[in-house]
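Chains A and B supply the protein sequences, listed in that same order. To convert, take the position in the first sequence, counting from 1, and add 237; that gives my numbering. To convert, take the position in the second sequence, counting from 1, and add 15; that gives my numbering. Worksheet for the structure shown next.
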Amino acid sequence: MTFPAVDQLTISRSIQAGGFFRRVRPLGKAAKEWLHFCVITPEVRVVLNFSLSRGVDEGSGVARLICVLRDETGCNGDVVTLAPEDVSIRAGKLDAQFGDSNVRFEDGRFRLRACIPRRNLELDLELVPRTLPMIVQNIQAGVGAALHWFLVPRLLATGRVVSNGREHRVEGAPAYHDHNWGTFRWGGEFSWTWGYGLPLDASVPWSFIMDHFMNRAGTRTRARALLIWKGPLHHRMFRDRSLEVEQHGLLRPERVFRVPRALAFGCPDALCGVPERVILRGASGDDRVEVEMKCGEVSQILVPSEEDEGLTLINEVECETHLHGVVAGERVEMKGAGMLEHLGHWHAR
Amino acid sequence: MRADTVTRFLLEAVRTVRSEQPDIHHALCRKLHGRAVRLTIGVESLVLGVPYVELEACELAPQVELACTRATLVALLDARVTLLEALLSDQLLLKGAPLELVRFHDALLLFLAGAARSPSMPALLSCFLSPPAEGAAARPRVRGNLASIGARVERNQ
């Protein structure tokens with residue numbers, strides 16, 4: 238693909254400068270930080286997350302490796318809670334060891350290794366960033382709580398994924414990465430729907446990210462944005478009044494794959510609250526774009542709420558995406574794949 | 016930590032919730048006060064109830080009886096089967112007056128809420144689902160502690 242002149246070294250330095258582990262330790266506040274990766278191939282979809290969480294009390298933190306994978310044989314994955322002595326993080330660097338799994342950024346690429354022997358799951362991937370990163374600071378996530386979002390919307394993944402003895406080769410597959418940190422509590426007065434769309438054809442320059450931050454009930458919008466990249470550069474943003482977000486229908490999957498599996502025990506299977514389609518319409522000046530995200534398979538990451546005895550349901554939804562319109566007099570057209578993350582809550586009563 | 020039998024696993028899980036999530040344990044005890052449930056898992060049988068102020072193995076007459084095989088319990092914990100599917104396919108037997116079953120279900124959800132928030136529970140569950148080989152060194156309990164991770168960070172900087 239031929240894109241504007243931003244070389245790999247510039248992209249690499251930008252990620253090193255902004256994507257490092259923060260390990261925020263504010264007094265009297267719960268703190269969280271994670272590195273999130275998604276890879277999309279025709280055969281396999283992978284969500285991998287290296288997560289650190291610290292409660293209000295000293296010594297109440299925990300490190301987790303979360304992996305959810307779907308191939309033609311079905312879903313696999315788990316949440317692995319790590320013993321502190323098995324976790325090593327170089328603060329200020331992008332380098333972490335979580336037991337036998339690790340993530341590091343070196344030679345201008347992310348190197349990921351994840352290993353969950355109990356689930357016969359192993360992956361070795363290299364992700365080369367193809368866009369400059371972006372950082373969004375101080376997203377309101379409850380009262381006095383903030384979330385920060387460092388994102389790299391488009392990468393190319395190469396390597397292998399092994400699930401239940403079946404090996405998938407990954408060659409130049411579209412991938413997504415973000416890094417979040419903040420002081421919020423799960424189950425707090427917030428919810429979100431965010432997602433991304435990537436072209437399956439590497440020669441197509443367009444990619445996008447959308448976000449819609451709301452109150453916990455999902456009835457009041459706090460912020461919404463549609464960010465469009467052309468090649469390595471952020472090209473256009475529509476937000477707030479220049480953007481409409483519509484959710485249509487309600488997805489009713491027969492079964493939802495959930496991790497950690499033991500938490501699924503007490504939570505009804507049918508709950509997910511994910512729309513069938515999300516439509517975004519951006520309009521500002523002469524620029525007009527529309528995005529359709531058509532939702533498909535759902536996996537859920539279950540997180541105990543820190544505000545009540547319920548669960549926060551993090552729905553990872555596979556999507557078909559279509560971006561089209563006109564920006565700065567240029568026609569924008571991209572059909573591809575993506576994922577939508579939709580936050581829900583469940584309480585027994 | 017030993018969780019090689021169902022009874023040991025359940026009693027250890029109760030102890031863990033009691034010590035690591037005392038508020039939820041108290042709510043559970045209020046819900047089940049003076050009541051008990053008989054759990055028959057494979058060849059093992061145990062009555063759990065709240066005769067006084069704690070959830071514990073006891074000799075109260077149970078209002079609810081639950082029976083299944085160890086394989087079914089493992090399948091439930093591994094989300095290969097849901098509680099409803101296990102009941103409808105007769106893999107799990109639940110017996111009691113309707114109001115007692117509702118109370119038991121509420122208590123079960125409370126117990127699960129406590130278990131989900133107990134830092135030691137993942138290691139205990141892992142130990143039960145895949146017990147270490149005979150003679151293998153016992154793995155230390157996972158009590159999340161970023162302070163100790165922090166110590167590693169200082170050395171690495």
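Where is the CB? At the ideal position from N, CA and C, for every residue including glycine. Source: prediction; values computed, not measured.
Residue span of the beta strand (DSSP E) that contains residue i, given as start and end
i	result
residue 420 of chain A	That residue, residue 420 of chain A, is in no beta strand (DSSP E); it is neither H nor E in DSSP.
residue 521 of chain A	514-521
residue 387 of chain A	383-400
residue 562 of chain A	548-564
residue 485 of chain A	480-485
residue 464 of chain A	458-467
residue 53 of chain B	51-56
Helix, strand or coil at residue i [DSSP, three-state]
i	result
residue 581 of chain A	strand
residue 95 of chain B	coil
residue 333 of chain A	strand
residue 411 of chain A	strand
residue 437 of chain A	coil
residue 427 of chain A	coil
residue 541 of chain A	strand
residue 344 of chain A	coil
residue 490 of chain A	coil
residue 503 of chain A	helix
residue 258 of chain A	coil
residue 75 of chain B	coil
residue 309 of chain A	coil
Reference residue i; option with closest CA among the options
i	options	result
residue 351 of chain A	A:372, A:416, A:273, A:409	A:273
residue 119 of chain B	B:142, B:49, B:132	B:49
residue 493 of chain A	A:539, A:320, A:361, A:253	A:539
residue 504 of chain A	B:91, B:29, B:68	B:91
residue 517 of chain A	A:562, A:488, A:499	A:562
residue 462 of chain A	A:430, A:550, A:245, A:566	A:430
residue 129 of chain B	A:564, A:543, A:581, A:551	A:543
residue 361 of chain A	A:279, A:290, A:404	A:404
residue 488 of chain A	A:536, A:340, A:500	A:536
residue 248 of chain A	A:470, A:512, A:483	A:470
residue 349 of chain A	A:387, A:378, A:303, A:380	A:303
residue 141 of chain B	A:283, A:398, A:316	A:316
residue 376 of chain A	A:436, A:358, A:401, A:450	A:450
Span of the alpha helix (DSSP H), counted from its first residue to its last, around residue i
i	result
residue 255 of chain A	245-255
residue 142 of chain B	136-144
residue 37 of chain B	37-47
residue 129 of chain B	113-131
Beta-carbon proximity list for residue i, same chain, < 6 Å, skipping 5 on both sides
i	result
residue 445 of chain A	434, 465, 560
residue 22 of chain B	59, 61
residue 108 of chain B	82
residue 528 of chain A	517, 560
Own chain residues within Cβ distance below 7 Å of residue i, not counting five before or after
i	result
residue 20 of chain B	59
residue 577 of chain A	430, 432, 515, 530, 532, 554, 556
residue 549 of chain A	423, 424, 540, 542, 580, 582
residue 387 of chain A	255, 256, 370, 372, 415, 416
Contact set for residue i: own chain, Cβ-Cβ below 8 Å, skip 5 residues either direction
i	result
residue 133 of chain B	31, 32, 35, 36
residue 105 of chain B	none
residue 150 of chain B	Because the pLDDT of residue 150 of chain B is 48, which lies under 50, any placement of that residue in the model is unreliable, and the question is left without a value.
Cross-chain neighbours of residue i in chain E, by beta carbon under 7 Å
i	result
residue 131 of chain B	Included in the structure are the protein chains A and B, with no chain E among them.
Determine, using beta-carbon pairs with one atom in the stretch 310-329 of chain A and one in the stretch 364-382 of chain A, whether at least three such pairs fall under 8 Å.
no
Counting beta carbon pairs with one atom in the stretch 420-429 of chain A and one in the stretch 338-353 of chain A, are three or more of them shorter than 8 Å?
no
On the three-pair Cβ rule with 8 Å, is the stretch 325-341 of chain A touching the stretch 246-258 of chain A?
yes
When you compare the stretch 443-458 of chain A with the stretch 388-398 of chain A, are there three or more beta-carbon pairs, one atom per stretch, that lie closer than 8 Å?
yes
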